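In the numbering used here, the protein residues as written are 147 to 375.
A short write-up of the structure that comes next.
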Amino acid sequence: MGIWQRFKRMVRSNTNAALNKLEDPRRELMLLEEDLAQEKQKARQATMDAIVEQKRLEKTLQKEQKQAEEWEDKARRALELSDEDLAKEALRHKTRYDARVAELELEVVEQRAAIEALKRSEQMLAEKARQALKERDLLLARMDQVEINQQAQASTNMDDQSPLAEFERIKRDIETTEASVVVNESLHTGLKEADFDRRLKDLEHSHTPDDDFDDALAKLKAKMGKAEQ
């Protein structure tokens, strides 16, 4: 199956799937123009052959018509010479040529119709070829875009796997770990400070009955000391 037939199937079916089945899509699509030129050449040759056949038929028709006319002339001369039997024989020959002339005239008419049909087919093929090349160019443009996207994706993947990308990942991990440590220390320190402040506050506000007796005892000792003096 030639690329022209495959291309027609490709356009009718899923284009991407059809492209994937081709061994070298770009090469085969580029060959489309060459194959189309060959198809058009075949169509032109078929038309030319039909025209040559028409010329041959017309030439043969003219010869048969001339033979029929000559036998009619012979029959006329035989009658002029009063030889009816010879005239009848000449007319029998003329009749055979007349029959052949009728067949050839029909063939010429049919051949002309065939030529017209071939010319219309050529025009249709030329239009289809023009449309096919237009669609081929669109497919090539789509393939170019796909290749660009694939290259961009490949470049992105390479960047993700490059030493610099790995360094950036490690750097982010370290920064994240450091941030976590700072947060933890801050929370822990905050808790210590809060605990200290709370205990200090408790001490400041703490008061027991023994404190009153301590004060009274001190005052009593002071009085006793003065009395001894």
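No residue lacks a Cβ here, since even glycine has one placed at the ideal position from N, Cα and C.
As the structure is a computational prediction, the values presented were derived from the model and not from experiment.
| query | result |
| --- | --- |
| Cβ distance (whole Å) where residue 279 is taken to contact residue 182 below 8 Å | 7 Å |
| Residue 178 - containing alpha helix (DSSP H), residue span | 171 to 226 |
| Any 3 or more C-beta pairs closer than 8 Å across the segment 213 to 229 and the segment 239 to 250 | yes |
| Cβ-Cβ distance between residue 380 and residue 196 below 9 Å | Residue 380 lies beyond the range of the chain shown here (147 to 375); nothing can be said about it. |
| Any 3 or more C-beta pairs closer than 8 Å across the segment 262 to 274 and the segment 188 to 205 | yes |
| Nearest-angstrom Cα separation, counted from residue 282 out to residue 275 | 10 Å |
| CA nearest to the CA of residue 200, picked from 222, 229, 250, 172 | 250 |
| Where residue 370 sits in the DSSP three-state scheme | helix |
| Cutoff 8 Å; reference residue 376; Cβ partners in own chain excluding five residues on either side | Outside the displayed range of the chain (147 to 375) lies residue 376, so it cannot be described from this structure. |
| Cα-Cα separation between residue 271 and residue 248, rounded to whole angstroms | 35 Å |
| Between the CA atoms of residue 318 and residue 177 - distance to the nearest angstrom | 53 Å |
| Check whether residue 240 and residue 218 have beta carbons under 9 Å apart | yes |
| Span separating the alpha-carbon of residue 160 from that of residue 289 | Unreliable positioning characterises residue 160 in this predicted model, as indicated by a pLDDT of 49, which lies under 50. The coordinate reading is nonetheless provided below. Near 15 Å, if we compare the C-alpha coordinates of residue 289 and residue 160. |
| Distance CB(residue 236)-CB(residue 221) smaller than 9 Å | yes |
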